[in-house]
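Take a look at the structure set out below.
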Amino acid sequence: MDYYHSSSIPSDGLGVLGLCLRDILAEIKPANNDRTKRLNAINQFSDSLRTVQSLRGAVVRPFGSFVSNLYTKWGDLDVSVQLDNGLGNSASKNLKKSLLRDIMRTLLRNGVARTIQFIPNARVPLLIFEGNYHNISFDVSINNYLGVMKSKILLWISQMDERFRDIVLLTKEWAKAQNINDPKSGTLNSYSLCLMVIFHFQTCEPPILPPLGEIYGGNISDDVTGWSSTNSERHVEDVCAANIERFGSRNFRRRNQSSLGQLLGSFFDKFSEVETLASEYAICTHTGRWERIDSNLGWARTSRSMIIEDPFERPENAARTVGPSELRTISNAFTDAYNKLSSSSVLANRNTLISCLTRPRVRSQLGVL
Numbered sequence: 001m002d003y004y005h006s007s008s009i010p011s012d013g014l015g016v017l018g019l020c021l022r023d024i025l026a027e028i029k030p031a032n033n034d035r036t037k038r039l040n041a042i043n044q045f046s047d048s049l050r051t052v053q054s055l056r057g058a059v060v061r062p063f064g065s066f067v068s069n070l071y072t073k074w075g076d077l078d079v080s081v082q083l084d085n086g087l088g089n090s091a092s093k094n095l096k097k098s099l100l101r102d103i104m105r106t107l108l109r110n111g112v113a114r115t116i117q118f119i120p121n122a123r124v125p126l127l128i129f130e131g132n133y134h135n136i137s138f139d140v141s142i143n144n145y146l147g148v149m150k151s152k153i154l155l156w157i158s159q160m161d162e163r164f165r166d167i168v169l170l171t172k173e174w175a176k177a178q179n180i181n182d183p184k185s186g187t188l189n190s191y192s193l194c195l196m197v198i199f200h201f202q203t204c205e206p207p208i209l210p211p212l213g214e215i216y217g218g219n220i221s222d223d224v225t226g227w228s229s230t231n232s233e234r235h236v237e238d239v240c241a242a243n244i245e246r247f248g249s250r251n252f253r254r255r256n257q258s259s260l261g262q263l264l265g266s267f268f269d270k271f272s273e274v275e276t277l278a279s280e281y282a283i284c285t286h287t288g289r290w291e292r293i294d295s296n297l298g299w300a301r302t303s304r305s306m307i308i309e310d311p312f313e314r315p316e317n318a319a320r321t322v323g324p325s326e327l328r329t330i331s332n333a334f335t336d337a338y339n340k341l342s343s344s345s346v347l348a349n350r351n352t353l354i355s356c357l358t359r360p361r362v363r364s365q366l367g368v369l
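If you want it as structure tokens, here you go:
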């Protein structure tokens, strides 16, 4: 069950599907001014912190989908306020909570933000606000070196094959349309969806991406502990760059030629039985294989409906928010999408395809009611 061919939809319908995917991507991909707006919003947020005594010397660093270039024009901004105090990633949770409160007071006092939400007891303490500048939503954390490194590695992965970014964006739009991209409601977060696309690209034949353990063999969450300078980040970057180049050279003559339509169809096919598989197997991008849950004590000891191992924070489960009934909903959504993309009548109908793959806001922009 390791490898799959990616031509699982009728070839005579790929033309219409391919055109639809092109149109959807043109609508959801950010333009240059979307990037500029986010950079300006980050600068405004950074400027607002200069008067905060407890944050003197701190640096604001974006991460998440904006840094990995896997964001849509509606994407939120993740930013980490990195402290200049030598604590690196080891700053206590109580200190992080206190600093986030200081940030919240400053934002309110300066009129930079509205609809502020402080979430102190999250796994990573978080401050969420909507900025007055272009109404961009921020998720603010403190010393999130791990988040910064995850984002960088996802960027390097996206640069290995241009189809990866496209499939991630298409998948996120489809998942939002199916209401299965909301961890607060017990479904998948966007990071889990990215990992599922990586896994799909690893298990195609021939593979498009290598096991992530071949890009970086260590555990990023262990390696970033105590980081306070760029030296360790540079080391990770050097290791990843060398291994990515090695994979590209090794697979130069075996490039997977699948179209976006074929890759999307086989993605839905691959996970259409995920509810059944999830009872025994974990999705493991570190090895690029389905791994038995009972082979890993870290997985076996946890209560979970679905395991998508975080390759940079092993053995943490990136899909820990997914509940049993939500897993069934997720599995059904994949099955329904695969069945539709296997239907010649659906593949010949632009309106049906776009309705299947997008939310109303995108459909309307593409002329589909």
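Residues 1 to 369 in my numbering are what the sequence shown spells out, letter by letter.
Even for Gly, the Cβ is constructed at its ideal location relative to N, Cα and C.
Since the structure is predicted, the reported quantities are computational estimates derived from the model, not experimental observations.
7 Å CB neighbourhood of residue i in its chain, flanking five on each side removed
i: R350; result: V16, C20
i: P360; result: none
i: S192; result: I308, A318, A319
Classification of residue i by the beta-carbon crowding that lies within 10 angstroms, buried from 16 upward
i: S105; result: According to the sequence as given, residue 105 is Arg; it is not Ser. Per the 10 Å Cβ criterion, exposed.
i: R304; result: buried
i: L297; result: exposed
i: A175; result: buried
i: N43; result: exposed
i: K184; result: exposed
i: V148; result: buried
i: E275; result: buried
i: T51; result: exposed
Residues near residue i in its chain [Cβ-Cβ closer than 8 Å; skip 5 each side]
i: I24; result: L170, E173, I354, L357, T358, V362, L366
i: K73; result: I28, K29, P30, A31, D34
i: A41; result: L77, G131, Y133, H134, I136, F138
For residue i, the nearest candidate out of the options (CA to CA)
i: K152; options: N332, E205, V322, L70; result: L70
i: E273; options: S331, G323, Q117, V236; result: S331
i: S372; options: G131, K150, P125; result: Look at the range of the chain in this structure, 1 to 369, and you will see that residue 372 is not part of it.
i: Q159; options: A241, I283, N317; result: A241
i: I128; options: P311, T276, L77; result: L77
i: S325; options: P315, Q44, G186; result: G186
i: E316; options: D336, I293, I180, D182; result: I293
i: M306; options: S295, R320, R314, E313; result: R320
i: N156; options: T302, G147, E237, K93; result: Per the sequence shown, the amino acid found at residue 156 is Trp instead of Asn. It is E237 whose Cα lies nearest to the Cα of W156.
i: A122; options: G217, L39, L277, N94; result: N94
i: I215; options: F247, L188, A177, A278; result: F247
i: L327; options: G147, D102, D182; result: D182
Beta-bridge pairing of residue i - partner residues as DSSP gives them
i: C240; result: According to DSSP, which records beta bridges pairwise, C240 is partnered with nothing at all.
i: L126; result: I119
i: N144; result: The partner list for N144 (beta bridge, DSSP) is empty, contrary to what the question assumes.
i: V59; result: Q82
i: R292; result: Y281
Close Cβ partners of residue i (< 6 Å) along its chain, the five nearest in sequence each way excluded
i: I167; result: V197, L263
i: P120; result: K97
i: I283; result: F199, I308
i: V346; result: K340, T352
i: L55; result: L49
Contained alpha helix (DSSP H) runs [length at least 4] in the region 24-68, N- to C-terminal order = You should have 32-48, 65-68.
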